[in-house]
Each structure stands twice: as structure tokens, then as C-alpha cells.
Amino acid sequence: MKVFVATRPVDFRKGIDGLALAVQEMFGMDPFCGAAFVFRAKRADRIKLLIWDQTGMVLVHKRLEGGKFVWPQVRDGVMRMSSAQFAALFE
């Protein structure tokens with residue numbers, strides 16, 4: 007599965023429809039393409055993932071209780087993340 011990470015924080019009041027629109031605007035992609043899209047809040051303790059699973063849109067929201075997510079650097083407008091780094095978001 008391909009994973010795309012927004013390099014700028016988004017308004018976390020957005021739900022599925024708002025984030026699907028953000029996928030189109032920020033990535034220029036179809037939110038129903040089967041990729042996972044990761045969004046972060048201004049506060050580094052929250053992320054949302056948006057994924058089309060062929061039956062419906064899935065929205066996952068995670069908030070850390072005692073820490074902050076550490077993000078790789080953005081170079082040339084792109085954030086590269088290994089599968090291990092992506093998995094670490096949920097550890």
C-alpha cells in the first residue's frame with residue numbers, strides 16, 4: 007500500500023469528507039485510489055489516516071497521551087518515510 011503524508015498540518019475538525027477534499031487539493035489525487043493518506047495536527051500529538059478499503063472510507067484518529075509524533079524532514083516538498091517509520095506511528 008502506498009502511503010502519502012501531508013507535509014503541512016490540517017484543521018483537525020475535518021472529518022472524512024473534508025479530508026477527502028484535502029487529498030484532492032493537497033496531493034492532486036483521488037482519495038478512492040486505495041492509498042493511505044496521513045494528516046497531522048498543529049499539535050504534534052495527533053494524526054488522522056484516511057483509507058479507502060474497497061467497501062468504504064476508513065478514518066483513523068490517534069492522539070498520544072504523553073508525547074509527540076516525530077516526523078522526518080521535508081526535502082523538496084516531499085517527506086520520505088520507511089515502512090518501519092510508518093509502523094512506529096502506532097507503537
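Position 8, counted from 1, in the sequence shown is what this note's numbering calls 14; the numbers after and before it change by one each time, with no gaps.
Every residue gets a Cβ at the ideal spot worked out from N, C-alpha and C, and that includes glycine.
CB contact flag (residue 32, residue 12, <8 Å): The sequence position of residue 32 within the sequence shown is 26, counting from 1. The sequence position of residue 12 within the sequence shown is 6, counting from 1. Yes. Within cutoff.
Hey, out of 8, 30 and 15, whose CA is closest to residue 50's CA? Translated into the one-based positions of the sequence shown, residue 50 becomes position 44. Considering only alpha carbons, the answer is 15.
Between the alpha carbons of residue 34 and residue 27, how many angstroms are there, rounded? Along the sequence shown, one-based indexing puts residue 34 at 28. Along the sequence shown, one-based indexing puts residue 27 at 21. Distance between the alpha carbons of residue 34 and residue 27: 10 Å.
Using only the alpha-carbon positions, how far apart do residue 94 and residue 41 sit? Against the sequence shown, residue 94 aligns to sequence position 88. Against the sequence shown, residue 41 aligns to sequence position 35. Roughly 18 Å separates the two Cα atoms.
Out of 53, 37, 43 and 10, which has the shortest C-alpha to C-alpha gap to residue 18? Numbered from 1 along the sequence shown, position 12 holds the residue referred to as residue 18. Here the closest residue by C-alpha is 53.
Strictly by DSSP, which residues pair up with residue 93? One-based indexing of the sequence shown puts residue 93 at position 87. Paired residue(s): none; residue 93 is not in a bridge.
Residue-level contact to chain B via CB, residue 10, 8 Å cutoff: This model lacks chain B altogether; it includes just one protein chain.
Between 45, 39, 77 and 72, which lies nearest to residue 63 when the distance is taken from Cα to Cα? Reading the sequence shown from its first residue, position 57 is the one you call residue 63. The shortest C-alpha separation from residue 63 is found at 39.
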